[in-house]
Every structure is written in structure tokens, then in C-alpha cells.
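First the structure, in the form of C-alpha cells, and then the observations on it.
Residue numbers (my numbering): 277 to 706.
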């Protein structure tokens, strides 16, 4: 039977509290949510725009999250994770058409990103055990889109259990890493290892090229050089020498879990179509954090995404964190890499410009967001100065000469188009 009611809780920095109850209507195909009276007294606000704390049932919108509120839709996997969940449901003999979003929340259970958890939870696969066997998992992931149900069942179950609710189109695995010795293990709710840190590992697929993970790692290094708050990243080689990108999770800390809410979830924004402008991102940052430095950080990320041609900059690739005192801040940056985008367009427009935004568009976003021109120009200069180190970061990551030159030429071209800076990288690397 489809799940018609589920309880949502917040495991926030090791303080667990019940948030409320979700109910599903088969007639309207919509969820309603009712806050627990005790939570209403806590002063916390898990979704300040479209799910403000209030007594009574709050109905979700039909779109864009299939009748679910944005705060809870953020707990669900998409892309790769959704593929694995759907596959396991089909293998078990159940009908996907009979599943409600609440069924998917039950499957997420305690394993979601951020601090929201759901009960009763349903374990459709056992927790992974044994060594990571990255090459084996990567090989199976490469087969997945082709063979669907014929994918090795053990590998599929292992990857599903290890992926948690990680979003995105690419295969990901939640791992634990010993910061002292570099030992890696599967990350499971059942195992508590105090000395280990929580990391997310992205499997490199053949169709994307062997440099994919290396490029994302080099971009992370370059982002940090540009002054962007970015988590620690490493490259992990499998048994055959293929490098896979890994990043330290920011929703897990020494004090416990943090609540994560994407920009898309906050604003009920559909990432399948361009629906937001960077001005919206900066405005939300200003409202949530009330901190001009955080607004400047959001602006810096916009400038970086433009100049390095990261056009897959949709609203799920920007997020905010809330701690147990209810304080919001920008999450560290994530999912930044070279991406041409659809028809060379940014997913989020820049003062209305989706393709080849100019410096005037960047400065317009700054103006509309209360960033002084002198500050905006300083940030632009700092980001541009960091890009000259691309060849060095590429070399350190082991990226092939061909890919290094191709991306470097594209960054140079973008700097010329946007800032009228010719040969930004080529001159620096001579």
C-alpha cells in the first residue's frame, strides 16, 4: 500500500526533534504538512519562504516537486540515485506508478543529506559491507544506463545503499575517510567511527573521459584560490589507476548534522528550465543571512562560474545551512566544474543574460544586490587573478595536456568576452 503519512524529524547537531507530519492525498496528488506544536515553540524555521511555521495543514504546490514541499524534496535523490531506487523497486516486483513521494521519503529514512529524517523508514537494501572496490563499482556504473535491470544485482544494491540521497546525474558514494591515514570505508548509519570524516565520492565514467574527476578537483583548487569557500577535496585512485573525485561533506560536522536547503527547494524553482537569476540568489542570501559578506561570497561564486564556464549552475547547485540556533549561512560551494551548459547558456541568468554575460550584467547584479561598485570590481579582479593558475592546478591534478589546453583556451575566451582581458591564461603560462 502507498505510504499516506510519515513523520519528519530534525537531527540537528545531535539534538533530535520532531518537526511534524506529512500526509499524502491520492485524490489531489499533493502532500500536506502539519508542524508539531512543540516544534512551533522552538523558534526554528526549516524553510523560511514557502513552509513558514504555522498551525494547521500546509499544502504543497503541484510543481515542481511532484506535489511535495521543497524542504522535503531536497531530501530525495535525483538523477543517479533516483535511477537506483527505481531499479530496486522494479526488481522487488512493486509498481513505480503506485509509489508516492512519501514512499520515497520513507526509503530515504535516516540516510538523507542534511538533518531531516523520516519515520517509519523502509530499508530496501542492506547496509554495504567490505572494501569499496571502486573499480568494480565504477565498471557496473558504466553499464547501468545500458543494461538497466540486467545490472549486477549485488553491485546495484551496494551502490544504492552507499549513495544515500545524494543528488545529481553522476554516480556518487558516501564514504568515511580517516584524515590521518587516508583509510576509506562505506558510510553507514549503523557504524559509528569517531576518527573518520564524512566524504562524498563521485565515480568517474568512461563516457565522460578519465579526466572528469581531475578537472573537478582542479576547479575546486582554483575556486579556493579565488577566495571561494570550498570544502577539502582529493582524488582517489581505484585498482586500475583511474582517479575519482572526492569532497568532504559539509552537512556532517564534529557537532553532528546540519540542515541543508537548496536554493531550488527554498523557492520551489524548477531546475529543468531556467527559472532564476543570480539576482534572486543574492537576494535570498541577503534575507537569510543578513550578512553583506555572505552576499559578497554569493557574488564571487557567480563571477567565478561565468569566467570558468561552469554553466550547470542551476538552483540545486546552491544551498544554505542552518544550525541548531536557527542561524543560516551559505553552504560551501559544490558541483563546480567545466560545463558548456545547454546551448552554451547558464542555467541561472545574470541580470537577464543567459549566454555570454558581459561585465555590465555582472555589475548590474551587484548594484541590484547592494554591493558597492568598488567591491564588485575588487571581487572580479580577485577571481580573474586566480584563473591564471589553471595550468598549475591542471598539472597537479594530472590532467592531460589536451584537456588542459582546451579548458584554458575556453577560460581565456570567456575572459575576453566578459572582461575584455585577452590571453589571461595563455600569457601567464608562457
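All C-beta atoms in this analysis are idealised placements derived from N, C-alpha and C, irrespective of residue type, glycine included.
Going by alpha carbons, who is nearest to residue 348 out of 685, 336, 359 and 355? Ranking 685, 336, 359 and 355 by Cα distance to residue 348 puts 336 first.
Measure from the alpha carbon of residue 624 to the alpha carbon of each residue in 654, 592 and 596, then state which is nearest. Here the closest residue by C-alpha is 592.
Among 517, 634, 396 and 672, which one has its Cα closest to the Cα of residue 378? Among 517, 634, 396 and 672, the Cα nearest to that of residue 378 is on 396.
If I follow the unbroken beta strand (DSSP E) through residue 464, where does it start and stop? From DSSP, residue 464 is part of no beta strand (DSSP E); its letter is neither H nor E.
Looking only at its chain, what residues have a beta carbon closer than 7 Å to the beta carbon of residue 651, apart from the 5 residues adjacent to it on each side? Answer for residue 651: 572, listed in chain order.
Secondary structure of residue 457, DSSP reduced to three states: Three-state DSSP puts residue 457 in coil, outside helix and strand.
Work out the CA separation of residue 350 and residue 486 for me, nearest whole Å. Per the coordinates, the alpha-carbon of residue 486 lies some 30 Å from the alpha-carbon of residue 350.
Boundaries (first-last residue) of the beta strand (DSSP E) holding residue 311: Annotation for residue 311: the continuous beta strand (DSSP E) segment containing it runs 306 to 311.
For the beta strand (DSSP E) holding residue 520, just list the boundary residues, first then last. Per DSSP, the continuous beta strand (DSSP E) segment holding residue 520 begins and ends at 519 to 524.
Sequence-distant residues of its chain with Cβ nearer than 8 Å to residue 338 (five each side left out): Result list for residue 338: 305 and 306, in chain order.
Does the count of Cβ pairs from the segment 603 to 618 and the segment 290 to 309 closer than 8 Å reach three? As far as the Cβ criterion goes, the segment 603 to 618 does not touch the segment 290 to 309, which means the pair count is below three.
What three-state label does DSSP hand residue 285 in the structure shown? Residue 285 carries a strand assignment under DSSP once its states are collapsed to helix, strand and coil.
Residues bridged to residue 512 [DSSP beta-bridge criterion]: Answer is 520.
Residue of 574, 535 and 619 minimising C-alpha distance to residue 647: Relative to residue 647, the option among 574, 535 and 619 whose CA is nearest is 574.
For residue 700, tell me which candidate among 672, 678, 657 and 677 has the shortest Cα-Cα distance. Ranking 672, 678, 657 and 677 by Cα distance to residue 700 puts 657 first.
Sequence-distant residues of the same chain with beta carbon closer than 6 Å to residue 455, five excluded per side: Closer than 6 Å at Cβ, skipping near neighbours: 473.
Hey, how far is the Cα of residue 645 from the Cα of residue 559? Rounded to the nearest whole angstrom, the C-alpha separation of residue 645 and residue 559 is 6 Å.
Sort 411, 688, 359 and 328 by Cα distance to residue 513 and report the nearest one. Checked all of 411, 688, 359 and 328; the closest Cα to residue 513 is 411.
What does a CB cutoff of less than 8 Å around residue 281 pick up in its chain, not counting 5 residues either side in sequence? So the qualifying residues of the chain are 297, 298, 299, 300 and 378.
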